[in-house]
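Here the structure comes first, spelled out in structure tokens, and everything after it is commentary.
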Amino acid sequence: MATLAWAGLTGPGRTEPCAAVGSRLSGTVGPVLLGDVAEVLLVAARTEEGVALFEVDPATTGLTRTRTPAMDTTQRLATLGLDDVEATPVVADATAALARAHLVGTVGVAALQVGGAQRGST
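For reference, each letter of the sequence shown is one residue, going 4 to 125 in this note's numbering.
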């Protein structure tokens, strides 16, 4: 399973807590859905040119994955710590892809909340 580690609460390019220098990443990002168990980690990080997307091996040195409690106990969340972690560049300019992910994610969360509200009202 794969996950996207991105603090895109307001859209791409505004809140990336991770920074890339070449192909090395540093920073902390969370909450990340399934971040403690995902086999593929995609991490959005600031570069000199904007926001890029990198793949990080979950077994790499310098990566910590800490489970983060969630109010919804069916959701697995984690905080990822990256300390000069080696990463593979995937997309040099991920702004458009992250904008689309932000829209789709917003719709998904709204649907989840509507479903929960419907169950709670019956």
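Idealized CB from N, CA, C, for every residue including glycine.
- Proximity of Arg49 and Ala22 at Cβ, strictly below 7 Å: As a first step, residue 49 is located in the sequence shown; it is residue number 46 there, counting from the start. As a first step, residue 22 is located in the sequence shown; it is residue number 19 there, counting from the start. The answer is yes: Cβ separation under 7 Å.
- Message: Using only the alpha-carbon positions, how far apart do Glu89 and Ala55 sit?
- Response: As a working note, residue 89 is residue 86 in the sequence shown. As a working note, residue 55 is residue 52 in the sequence shown. Their Cα atoms are separated by approximately 14 Å.
- Query: Beta-carbon separation of Leu85 and Leu101 under 7 Å?
  - Reply: Here residue 85 refers to the residue found at position 82 when the sequence shown is read from its first residue. Here residue 101 refers to the residue found at position 98 when the sequence shown is read from its first residue. Not a contact, by the Cβ cut-off of 7 Å.
- Relative to the C-alpha of Asp142, which residue among Ala47, Val110, Met4, Ala120 is closest? Only positions 4 to 125 of the chain appear in the structure, and residue 142 is not among them; the question remains open.
- Just to confirm, are Val126 and Ala95 a CB contact at a threshold of 7 Å? With the chain running from 4 to 125 in the structure shown, residue 126 is simply not present.
- Task: Output the distance between the C-alpha atoms of Gly6 and Ser26, rounded to the nearest integer angstrom.
- Result: Within the sequence shown, residue 6 is the residue found at index 3, counting from 1. Within the sequence shown, residue 26 is the residue found at index 23, counting from 1. The amino acid occupying residue 6 in the given sequence is Thr; Gly does not appear at that position. One C-alpha to the other measures close to 19 Å.
- Query: Going by the CB atoms, is the gap between Pro20 and Leu80 shorter than 7 Å?
  - Reply: For the purposes of this step, residue 80 is identified with residue 77 of the sequence shown, where counting begins at 1. For the purposes of this step, residue 20 is identified with residue 17 of the sequence shown, where counting begins at 1. It is not a contact, given that the beta carbons lie outside the stated cut-off.
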